[in-house]
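Residue numbers (the numbering used here): 115 to 200. Glycine included, each C-beta is placed from N, C-alpha and C at the ideal position. In this text the structure is predicted, and so the values were computed from the model without any measurement.
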C-alpha cells in the first residue's frame with residue numbers, strides 16, 4: 115500500500131489553501147512534493163521534466179494539482195505559499 119505524501123504546512127496569511135472533506139490540509143503526493151521543490155528553486159517546467167525524467171505535461175499536471183490543493187492562482191503564489199510555510 116502506498117504511503118501518502120507529506121502534508122502541506124498550514125495556510126499562508128496571504129492565500130486560502132484548499133481543505134479536504136475531512137477538514138484537514140491537503141496532502142501532496144511524493145511527485146507533487148518533488149515538483150514543488152524544483153519550482154521553489156526557480157526551475158522551468160521543461161527543466162523539471164528533464165530532472166525528473168517525465169514529460170512537460172506531467173509537470174504541468176502536478177503544478178495544476180498543487181495550485182488546486184493550495185488555492186494559489188499561479189506558480190508565483192505557490193512559491194510564496196511554500197516559502198511562508200517553512
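Straight across, the Cα-Cα distance linking residue 147 with residue 173 is about 11 Å. In the structure shown, residue 170 adopts helical secondary structure according to DSSP, grouped into three states. Residue burial is scored here from C-beta neighbours: residue 196 has at least 16 other C-beta atoms within 10 angstroms and is therefore classed as buried.
Only residues of its own chain outside the window of five on either side were considered, and among them 163 have a CB closer than 8 Å to the CB of residue 169, listed in chain order. By the 16-neighbour rule on beta-carbons within 10 angstroms, residue 142 is buried.
In this structure, residue 180 sits away from residue 188, with a CB-CB distance that is not shorter than 9 Å. Exclusion of the five residues before and after residue 149 leaves 162, 166, 173, 176, 177, 180 as the residues of its chain whose Cβ lies within less than 8 Å of its Cβ.
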